[in-house]
Amino acid sequence: MQNSRHFTLAALVAAFMASTSAVLAEDAADTVFRNGLVYTVDATNTVSQALAVSKGKIIAVGSNEAVAALIGKATKVIDLGGKVLMPGLIDGHMHPMGGGAQLTSCSLNYLSLTTDEALTKITECLESDKGAPAGSWLQVQGWFRQAMTPAGADLTAAILDKLSTDRPVIVFGTDFHSMAANTAALKAAGITADTPDPSDGSIQRDDKHVATGILLDGAMWMVAAKAPALPPDVQKTKDKADLEAALAALRKQGVTQILDAAASPDTIALFQKFMQDGALTLRANFAVVISADETLNPTAAVAAIKKLGETYNTPQDSVTPGLSVRTAKVFLDGVIQAPAQTGALMEPYLKNVGTEQLPNWQKSDNSGALYVKEPQLISVMEELMANGLNIHMHSDGDQAVHVSLNAIAAARAKYPKADFRPAVAHCELMLSSDYHRFAELGALPVLSFQWAKPAPDTVNSVKDYVGAERFNYIETAGKFNEKGARIVYGSDWPVDALNEWFAMEVAVTRSNEPATDALYQGRLGDDPGLDIKTAIRSFTINAAYSLHMENYVGSLEVGKLADLIVIDQDLLTVASKAISDTKVLMTMVGGKQVYRAEGFVAP
């Protein structure tokens, strides 16, 4: 009888253990991270120890002990060994195809060059491209126009015509608001003394009204668009290579989601092809340009964007990275840097009417150019709001920012309940009275933090041209933060080389480290900069909010998609000047590892 009773109890215990094991196996995580610092970037910036992922989503965040119960036989366990797990970076304003082209094409690589040095590098490209078909153009990337030496040096048609080639040559400025073209390119594009300026740019001319070869904003595309199309198979191969290079660079930086801030239908279709082939390693959002001329018919312009969305949009909560076309891009002005100075200002740029030794800076007759007037912008916003779409505005100068905010206020008055999250990108020069309006209007400043340092594009080409008082409102982030704005980061790659962690450092330090030139040492202006926690939020949850994705990504919380990265140092304790040394060890999108640094041990 005792043996029978013992057998029965043993059977019951075995059955219980078997059923418990079955439940644990069913509920077990696919991946568990433990023994680390888990920056959740939740509402209180909680730092935890462990995290569990199942089926592409986060199912637990907490202590090692709390997450241990989710480890099954098939669970991949990653011991962080004190390293940091945080949300993947979300780049809220960039140009991936341009970034890829910067990596794969002829480039001046952002270098400070003399005209002779630039010609030498372009000659090297011509030599390596000798097999190009007759009549093909050479397109050169990465010209840091503001850093040309000596001061005042520039690339013009006269300079580029010194190249030993009959081919049309165009050289894109790093800001993508300036371009230099040789005479062959100008002729091929039909640019003559009688060619009118476009509504959103200008053809620079000499005192005889002859085009100098410098083209600003919309005038660039009047010329670049005339380049003969490559054979379809060649273009397809190039585009594929450019996007592959861009995606590789981005996942290595820990970027898990982007906004392409000036996307074409061809670009969106290429991303869709990568998605269908399982080669897309980040979530891609697209802002489609409404040109200055197209703002005159906002109904048609918005309808075209809505149709693209209907064609390409994928579910926002999809574990697999997908596509989103829910935003329009509008360029309100150009850039504030000399010599272009197409950014729209409330007060004129200054000019030196003295000498280099005895300068005398006085008001010029140039206040930049506002490409879209306020009533047009209001009409576009109202049409977007009526269709459930968003707007992303290039607003560089203080007048452009001011007009953007005025338009937002007017559009919100008509549609007060719309879930509208207007982005005002760049905001390089601000009116002190406009900072508070961002929080009041729910407008999002999208800032490229790496610009907020002493450098040729802030000191040489801006400081004297705006004067001491306005210079304190150049490239500010801390002043937005003080007024409660929700700040979003956008690299604007390839305007600068892709370096998200350097940008994060500059957001905090406002310095250029290491600064080899005495002119570029110290902090930029009187802006306080950001604390590291605020800076991190601008790269994560705030950027997610700008893309209507905050319920799915941007923080490490239960139920959200497992878009996350492992980095090698604690940003909350490391010296601010060491933030740029951060190395990404692993990048995961939707629970799938898409990048792992050499030497990092992970399943």
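The sequence shown begins at 16 in the working numbering and counts up one residue at a time. Built from N, CA and C at the ideal position, the CB exists for glycine as well.
Check                                                                                                                                                                : Outcome
Does the Cβ-Cβ distance between Asp594 and Val523 come in under 8 Å?                                                                                                 : The question names Asp, yet the displayed sequence has Ile at residue 594. It is a contact, given that the beta carbons lie within the stated cut-off.
Contact defined as beta carbons within less than 8 Å: I believe Ile582 pairs with Gly103. What is the distance between those atoms, to the nearest angstrom?         : Rounded, the Cβ-Cβ distance is 11 Å, inconsistent with contact.
Given this structure, state the Cα-to-Cα distance separating Leu141 from Leu134, to the nearest angstrom.                                                            : 10 Å
Apply the 10 Å Cβ neighbour rule to Leu373 and answer buried if 16 or more other Cβ atoms are within range, or exposed otherwise.                                    : exposed
Classify Lys321 as buried or exposed, calling it buried when 16 or more other Cβ atoms lie within 10 Å of its own Cβ.                                                : buried
Look at the Cβ atom of Thr597, then the Cβ atom of Trp516, and state whether they are nearer than 8 Å.                                                               : yes
Among Leu123, Ser69, Leu513 and Thr310, which one has its Cα closest to the Cα of Leu620?                                                                            : Here the chain has residues from 16 to 618 only, and residue 620 is not among them.
Examine the Cβ distances between the segment 407-417 and the segment 337-356 and report whether three or more of them are shorter than 8 Å.                          : yes
Alpha carbons only, please: which of Asn496, Gln161 and Val184 is nearest the one belonging to Thr138?                                                               : Val184
Helix, strand or coil: which one does DSSP assign to Leu600?                                                                                                         : strand
Since Ile556 is in the beta strand (DSSP E), which residue starts that stretch and which ends it?                                                                    : Element bounds for Ile556: not the beta strand (DSSP E) but the alpha helix (DSSP H), Ile556 to Ser561.
Quick check: the segment 191-198 against the segment 227-235, are at least 3 beta-carbon pairs closer than 8 Å?                                                      : yes
Using the Cα positions of Phe464 and Ala440, report the straight-line distance between them to the nearest angstrom.                                                 : 12 Å
Which partner residues does Pro102 have in the DSSP bridge list?                                                                                                     : Leu579
Assuming Thr314 and Leu297 are in contact, meaning their beta carbons sit under 8 Å apart, how far apart are those beta carbons, in whole angstroms?                 : With a Cβ gap of about 33 Å, Thr314 and Leu297 do not count as contacting.
By a C-beta neighbour count over all protein chains shown, 10 Å radius and 16 as the cutoff for buried, is Ser127 buried or exposed?                                 : exposed
What first and last residue would you give for the alpha helix (DSSP H) that runs through Ile305?                                                                    : Ile305 -> no alpha helix (DSSP H), and no H or E assigned at all.
Which residues mark the beginning and the end of the beta strand (DSSP E) in which Leu95 is found?                                                                   : No beta strand (DSSP E) holds Leu95; DSSP gives it neither H nor E.
Near Arg436, which residues of its chain fall below 8 Å by C-beta distance, leaving aside the five closest residues on each side in sequence?                        : Asn405, Gly457, Leu459, Tyr560, Ser561 and His563
Over what stretch of residues does the beta strand (DSSP E) that includes His407 continue unbroken?                                                                  : Asn405 to Ser410
What does a CB cutoff of less than 7 Å around Asn421 pick up in its chain, not counting 5 residues either side in sequence?                                          : Glu389
Counting only the same chain and skipping the five closest in sequence on each side, list residues whose C-beta sits under 7 Å from that of Ala200.                  : Trp152, Pro183, Val184, Ile185 and Val238
Measure the C-alpha to C-alpha separation of Pro280 and His108 and round it to an integer number of angstroms.                                                       : 18 Å
Considering Cα atoms alone, identify which of Val474, Trp158, Glu565 and Asn328 is closest to Ala284.                                                                : Asn328
I'd like to know whether the C-beta atoms of Ala15 and Ala359 end up nearer to each other than 8 Å.                                                                  : In the structure displayed, the chain extends from 16 to 618; residue 15 sits before or after that span and is not available.
Which of helix, strand or coil does DSSP assign to Asp169?                                                                                                           : coil
Taking the alpha-carbon positions, what's the Ala244 to Ala203 distance?                                                                                             : 13 Å
Quick check on Ile594: does DSSP put it in helix, strand or coil?                                                                                                    : helix
Assess, as a yes-or-no matter, whether the segment 73-88 is touched by the segment 245-254 under the definition of 3 or more beta carbon pairs within less than 8 Å. : no
How about Glu572 and Thr59: do their beta carbons lie closer than 8 Å?                                                                                               : no
Within 10 Å of its beta-carbon, does Ala428 have 16 or more other beta-carbons around it, so buried, or fewer, so exposed?                                           : exposed
Expressed to the nearest angstrom, what Euclidean distance is found between the alpha-carbon atoms of Lys288 and Ser382?                                             : 44 Å
Would you kindly report the start and end of the unbroken alpha helix (DSSP H) that includes Thr46?                                                                  : No alpha helix (DSSP H) contains Thr46, which is instead part of the beta strand (DSSP E) from Thr46 to Arg49.
The alpha helix (DSSP H) with His224 in it runs from where to where?                                                                                                 : Taken as a continuous stretch (DSSP letters only), His224 belongs to no alpha helix (DSSP H), as it is neither H nor E.
Leaving out five residues before and five after Ala307 in sequence, what residues of the same chain have Cβ atoms less than 6 Å from its Cβ?                         : Ser214, Asp215, Tyr386 and Val387
For Thr189, which three-state DSSP category applies?                                                                                                                 : coil
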